[in-house]
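>
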Amino acid sequence: MAVVSQSLDTGWSWKQRSEDTNEPMLDELTSSEWTTAHAFPSEVHVELLKAGKIPDPYVGFNEHREWLYRTTFEYEATALSNSLIEFEGLDTFCDVYLNSQLILSADNQFRTWQAPVEPVVGQNVLFLYFKSAKHIAKDLEAQYGIVRAGSVNLGDPSRVYVRKAQYDWRWDWGPELMTCGPYRPITLISYTTRIKNVYARAYTQLVASPNASEPTQFVYPASLIVDISLQGLANSSKAPRARVTLKDAVQGGVIRQDVVSLTKRESMRPRSDGENDEDAFVFVEALTWSFDTSSSDMGVGKVELWWPVGYGKQNLYDVQVELLDGADATSTTIFDTNTQRVGFRSVKLVQESIEEPDIHGKGTTFLFEVNGVRMFLGAGSNWIPGDNFLTMLTPGRYRDWLTLARDGGQNVIRLWGGGVYEPDVFYDVCDELGLLVWQDFQFACGVYPAHNEFVSSVRAEAIDNIVRLRHHPCIALLCGNNEDYQQVLQWGDVPDLPARKIYEHLLPSLVSSLTSPEIPYHRGSPCGGEGWDTADPTVGDVHQWNIWAGEKPWHDYDRMGGRFVSEFGVPSFPCMRTIEYWLDSADVPKSQRYAQSKAMAQHCKAGSYERRFAVLMNELLRLTGDLETHVYNTQLLQSEAMGFAYREWRRAWRGPGKQYTAGAIVWQLNDSWPVMSWAIVDYFLRPKPAYYTISRELKPIVIGISRTVTKNRQCDRPRQFYEFGAFQSTGATLDIWGANSTLSSRTLSLEIRYFDLESDWTHSESMRNIALAPNQSTEFLTSVPCHGPPASSKTASQLPNPEATTTYSVVVTAILRDPDIGKFVARAVDWPQPYKFLDPPEPGLSLRVEDDGETVHATVVRPVKGLVLGVDDPERGDDGVKWSDNMLDVVPGDEQVVVASGLGGRGIRAAWLGKERAEVCEVRRV
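Each residue of the sequence shown is one higher than the one before, counting from 1 in full-length UniProt numbering.
(1) Can you tell me whether DSSP reads I195 as helix, strand or coil?
(2) Within a Cβ cutoff of 6 Å, which residues of the same chain sit near F61, ignoring the five residues on either side of it in sequence?
(3) Label residue 931 either buried or exposed according to how many other C-beta atoms from any shown protein chain fall within 10 Å of its C-beta, with 16 as the threshold for buried.
(4) What's the C-alpha gap between V675 and K605?
(5) Considering Y594, what are the terminal residues of the alpha helix (DSSP H) in which it resides?
(6) Between the alpha carbons of G524 and G417, how many angstroms are there, rounded?
(7) Would you mind giving the Cβ-Cβ distance between V350 and Y311, rounded to the nearest angstrom? I have them listed as a contact below 8 Å.
(8) Going by the CB atoms, is the gap between P498 and P537 shorter than 8 Å?
(9) Give me whichever residues DSSP pairs with R70 in a beta bridge.
(10) Would you mind reading off the limits of the beta strand (DSSP E) that contains I694?
(11) Could you give the DSSP three-state label for L816: helix, strand or coil?
(12) Quick check on DSSP: helix, strand or coil for N411?
(13) Quick check: V319 and A200, are their CB atoms within less than 8 Å of each other?
(14) Skipping 5 residues on each side, what residues in its chain have a beta carbon closer than 7 Å to that of V425?
(15) Can you give me the start and stop residues for the beta strand (DSSP E) that W545 sits inside?
(16) On the premise that P802 lies in contact with A791, defined as a C-beta separation below 8 Å, what is that separation, rounded to the nearest angstrom?
(17) Can you tell me whether E214 is buried or exposed, with buried defined as 16 or more other CB within 10 angstroms of its CB?
(18) Here's the rule: buried if 16 or more other CB atoms are within 10 angstroms of the residue's CB, otherwise exposed. What is A212?
(19) Among all the DSSP beta bridges, which residues are the ones paired with A771?
(20) In the structure shown, what three-state DSSP assignment does S792 receive?
(21) Go through the segment 399-487 residue by residue and report every complete run of the alpha helix (DSSP H) that reaches 4 residues or more, in order.
(22) Would you kindly report the start and end of the unbroken alpha helix (DSSP H) that includes L140?
(23) To which residues of the same chain is V4 closer than 6 Å at the C-beta, ignoring the five residues directly before and after it?
(24) To the nearest angstrom, how far is the alpha carbon of T813 from that of T578?
(25) Which of the three DSSP states is assigned to V861 in this structure?
(26) Would you tell me roughly how many angstroms separate the C-alpha atoms of Q490 and Y808, rounded to the nearest one?
(27) Let me make sure I understand the geometry here. Which of Y594, A595, M576, A599 has the alpha-carbon closest to that of D587?
(28) Suppose you measure from the CA of residue 940 to the CA of P508; what does that come to, to the nearest Å?
(29) Can you list, in chain order, the residues of its chain with a C-beta nearer than 6 Å to that of residue 952? Leave out the 5 residues immediately preceding and following it.
(30) From P157 to A679, what distance separates their C-alpha atoms?
(31) Would you decide whether S639 is buried or exposed? Buried here means 16 or more other CB atoms lie within 10 Å of its CB.
(32) Determine the direct distance from the alpha carbon of R717 to that of P800, and round the result to whole angstroms.
(33) Take every Cβ of the segment 654-664, pair it with every Cβ of the segment 865-884, and state whether three or more of those distances are shorter than 8 Å.
(34) Taking 8 Å as the threshold (beta carbon to beta carbon), is S695 in contact with chain D?
(35) Figure out for me which residue from V447, A614, V121, T859 has the closest Cα to the Cα of V494.
(36) Would you tell me roughly how many angstroms separate the C-alpha atoms of L415 and Q231, rounded to the nearest one?
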């Protein structure tokens, strides 16, 4: 008979466990205090909110109690001989009872749990008893000892003993909210024989073409190998059959189909499932197909490769496995079906010697090669859970987040190790959008234990998630932990990491045995240097936090990179609309509307943020007591710093033999609640200005300008700064370069223009036939003088020192164009720093909107810095409007066009450096 799956998603109710712990727990079933669940899957704080028992999901409730859930379901008599209940996610310590019989004791939020059951015909009662993870963590800490686990703002160190999302204990961007509940689906499965698992191994490999006229020509033959794991065969004498069908995931057309006979083999092999299940059998290589990818003719037996976004199409295919009756070779009765979506691609982590040193030395590369193409994965973001309450995250919300990343020029997402392994929809969307995934195993910033019970739980967790994720073409790297090696190195008082047993032995052995071709594995992030040296810029990856820590100015990002920068960032406030959300409360008086208020501090969890912000802000910008101006300034700071880092690290991708920096992943894409953080898109999916700046730096072709200011003597100030105090600026030079991520060279023209902010002086020059090499950066001009107006044009107050350079007020712009048609390709605008010394002129901003009501043209009479456009709509703000660009530097004669999808002809507000409080602008409509 066919497998029957019944989703247990209705009839749920919940309650807090009685404080009388002497009362038998099962007696709670007859209590009258149960509340109907608002939704399922469920999380108790969301239920409390929906029931009106707490005022807000992010303030003022007790998170350390025990909670109960129950439901009833009907079960009909059937000839199927086996039943089990599958729990895709229980958070975290949960005893599960069916009809008052204990069937499961779960202790790991990251596992998929299965319990064999014998439901009765008629009504059955499923009862879940969730215990306090915080209390259990403290009990385990008392048993095994107190350890170091991050800084004090990362929550209680007892968290390391519990396999639960670590950010629940608080992080430096999120609140302490100890969630619990059945947060993912629960399903009753009845079967005689079922498909336990399918591993569709779709891959390609680069080989020399046998018909190539040149030795460098290659082809990509593709292969599909299908392993099939069956459960329920132990007492069966019949060899079942499986029909395997490969379909185009979009068009649905069948590319190939076969029926294979499955002959019993030995008990479960590690490569296919990893667990020893006496009632499960694996059929390794039950089917092997080969395909041609070299022809554009998509006939029978042909497939196309899957590529990361920006390098080709994201071609996806469905591998459908149908379990057929083995007793009758002519029967088409289907007992069970399993479908996996795959893409044909190869991925490698290349760590090879670098012979020509950069500023850091030689060392080795840390780069990714997909389908034989080495790629700069600088277009990326770190991902934290998108909500503290995971049941609030819908498939649509996941898609919106990831689409924002893709549309922002990004091609890689790193899933950080202090959250969760995301649900299937996350990886499905990454497959569709062409976003590569760097997946951390869930360990973050701590000295984790390695006693037998802990390692056993981690082993089962790793197997569950490797098996679940391994078929996705988006998966590019599995990483052992986040910052565990680095934290030990920083502290200096921890003699060893017990969990090295996990990171260096258990996890790599599981990845090797469970994946084929083997998914690249990295033991920790950051990691790479001799011993535990996680800061070696010549080996492995680095996390660059010296800037935010206040040790160096952000102007040194170019000198503080590495072979791969997998974390870096500067925080900022979100938009005023998001800030109003947390200020709009009866218990928040209007007197709290300033940057250093208690209400603001509640929504800023970063350690030492006052001091760190003060250093970065005060160096660059003027002090202000106005909240909206302060918010704008933090956003400008984040935008400038992130743009500079991406620009310079992309510059360090210099081509074969000199691929010094192969990627940079900003911390962070998103927020888990409304907060001031490093995110470039806030909790409500409202992009910060830095999102647009980063997007521009990740265009396929970009141009960069770097200014170095000469001082009259050696000083400790940023080399980009003009000085007017103890030091004096005597000149300035420019570097101008381009970067091209496409695989084709380009010949372009270069225009350079200069504008003085204090006069009408301008200067321009141009170059033709600028060659831009493929898949690397190209230097155009190095250390050329920066032009400035004559000294005679400056007053004594403007230029008190006659030996000083006049370039302190000069804006430089560089534009690349197609020389044949004059079409714009890329632009860069460099303003003199620090901005606090500038008196920006009135720009004479003109906005013109086309008759579609959405295409906005911006022009200026004088240069404008950091132009932020928004919607003049007091009710909705920018919600529902998608800006194609923002945070613009506009100069005279260079009109910039922005599409505001959803603007619908409404008015526009604008802010810029010198006018940080947004005001409504006059708009011409044509």
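Just so you know, even glycine gets a beta-carbon here, dropped at the ideal spot from N, CA and C.
What you are looking at is a predicted structure, and each value in this text was computed from that prediction instead of being measured.
According to the data block:
(1) Position 195 of the sequence shown, counted from the start, is the residue given in the question as residue 195. Correct three-state label for I195: strand.
(2) Counted from its first residue, the sequence shown places residue 61 at position 61. Confidence in F61 is poor, its pLDDT being 32 and thus under 50, which makes the residue's placement unreliable; the coordinate value appears in the next sentence. Non-local beta-carbon contacts of F61 in its own chain, meaning distances under 6 Å to residues more than five positions away in sequence, involve I54 in chain order.
(3) There is simply no residue 931 to check, as the chain begins at 1 and stops at 926 in what is shown.
(4) Locating residue 675 in the sequence shown gives position 675, counting from the first residue. Locating residue 605 in the sequence shown gives position 605, counting from the first residue. Cα-Cα distance, rounded: 8 Å.
(5) Translated into the one-based positions of the sequence shown, residue 594 becomes position 594. Counting along the chain, Y594 falls outside any alpha helix (DSSP H), and DSSP gives it neither H nor E.
(6) On the sequence shown, residue 524 is found 524 positions in, with the first residue counted as 1. On the sequence shown, residue 417 is found 417 positions in, with the first residue counted as 1. Roughly 10 Å separates the two Cα atoms.
(7) To locate residue 350, count along the sequence shown from 1; it is residue 350. To locate residue 311, count along the sequence shown from 1; it is residue 311. Separation of the CB atoms of V350 and Y311 is rounded to 16 Å, and the pair is thereby denied contact status at 8 Å.
(8) Locating residue 537 in the sequence shown gives position 537, counting from the first residue. Locating residue 498 in the sequence shown gives position 498, counting from the first residue. Contact flag unset, no.
(9) One-based indexing of the sequence shown puts residue 70 at position 70. According to DSSP, which records beta bridges pairwise, R70 is partnered with S13, F127.
(10) Working through the sequence shown from its first residue, we reach residue 694 at position 694. The continuous stretches of beta strand (DSSP E) do not include I694, which lies in the alpha helix (DSSP H) extending over residues 689-697.
(11) As a position in the sequence shown, residue 816 is number 816, starting the count at 1. L816 falls in the strand class under three-state DSSP.
(12) Looking up residue 411 in the sequence shown gives position 411. Coil.
(13) To locate residue 319, count along the sequence shown from 1; it is residue 319. To locate residue 200, count along the sequence shown from 1; it is residue 200. When the beta-carbon positions are compared, V319 and A200 come within less than 8 Å of each other.
(14) Looking up residue 425 in the sequence shown gives position 425. If we look at V425 and ignore the five residues flanking it on each side, its Cβ neighbours are P395, Y398.
(15) Along the sequence shown, one-based indexing puts residue 545 at 545. Segment: none, W545 is in no beta strand (DSSP E) and carries neither H nor E.
(16) Here residue 791 corresponds to residue number 791 of the sequence shown, with the count starting at 1. Here residue 802 corresponds to residue number 802 of the sequence shown, with the count starting at 1. Contact between A791 and P802 holds, with the beta-carbon distance rounding to 7 Å and staying under 8 Å.
(17) Within the sequence shown, numbered from 1, the residue matching residue 214 stands at position 214. For E214, the predicted structure reports a pLDDT of 48, less than 50, and the residue's modelled location is therefore unreliable. A value from the coordinates is still provided. With fewer than 16 Cβ atoms within 10 Å of its Cβ, E214 is classed as exposed.
(18) If you number the sequence shown from 1, residue 212 lands on position 212. Reliability of the predicted coordinates at A212 is poor, the pLDDT of 48 falling under 50, and the value obtained from them is presented with this limitation in mind. When all chains shown are included, A212 counts as exposed.
(19) Position 771 of the sequence shown, counted from the start, is the residue given in the question as residue 771. Answer by DSSP bridge pairing, in chain order: T747.
(20) Residue 792 sits at position 792 when you count from the first residue of the sequence shown. Three-state result, S792: helix.
(21) As far as the segment 399-487 is concerned, its whole alpha helix (DSSP H) runs of at least 4 residues are 424-433, 452-469.
(22) Here residue 140 is taken as the residue at index 140 of the sequence shown, counted from 1. Here the alpha helix (DSSP H) through L140 covers 133-144.
(23) Start at 1 with the first residue of the sequence shown, and residue 4 comes out as number 4. Answer for V4: S190, listed in chain order.
(24) Translated into positions along the sequence shown, residue 813 becomes position 813. Translated into positions along the sequence shown, residue 578 becomes position 578. Within the model, the alpha-carbon separation for T813 versus T578 is close to 34 Å.
(25) For this step, residue 861 is matched to residue 861 along the sequence shown. Taken through DSSP and simplified to helix, strand or coil, V861 comes out as coil.
(26) One-based indexing of the sequence shown puts residue 490 at position 490. One-based indexing of the sequence shown puts residue 808 at position 808. Whole-angstrom Cα-Cα distance: 40 Å.
(27) Your numbering for residue 587 matches position 587 in the sequence shown. D587 has its Cα closest to that of A599, out of Y594, A595, M576, A599.
(28) This structure cannot speak to residue 940, because the chain is shown only from 1 to 926.
(29) The shown model of the chain, from 1 to 926, leaves out residue 952, and the question about it has no answer.
(30) If you number the sequence shown from 1, residue 157 lands on position 157. If you number the sequence shown from 1, residue 679 lands on position 679. Distance between the alpha carbons of P157 and A679: 25 Å.
(31) Within the sequence shown, the letter at position 639 stands for residue 639. Under this definition S639 is a buried residue.
(32) By one-based count along the sequence shown, residue 800 stands at place 800. By one-based count along the sequence shown, residue 717 stands at place 717. Answer to the nearest angstrom: the Cα atoms are 20 Å apart.
(33) At 8 Å Cβ cutoff, the stretches do not touch.
(34) The structure shown contains no chain D, having only a single protein chain.
(35) Counting from 1 along the sequence shown, the entry for residue 494 is found at position 494. Comparing Cα positions, the closest option is V447.
(36) The residue labelled residue 415 in the question sits at position 415 within the sequence shown. The residue labelled residue 231 in the question sits at position 231 within the sequence shown. Answer to the nearest angstrom: the Cα atoms are 32 Å apart.
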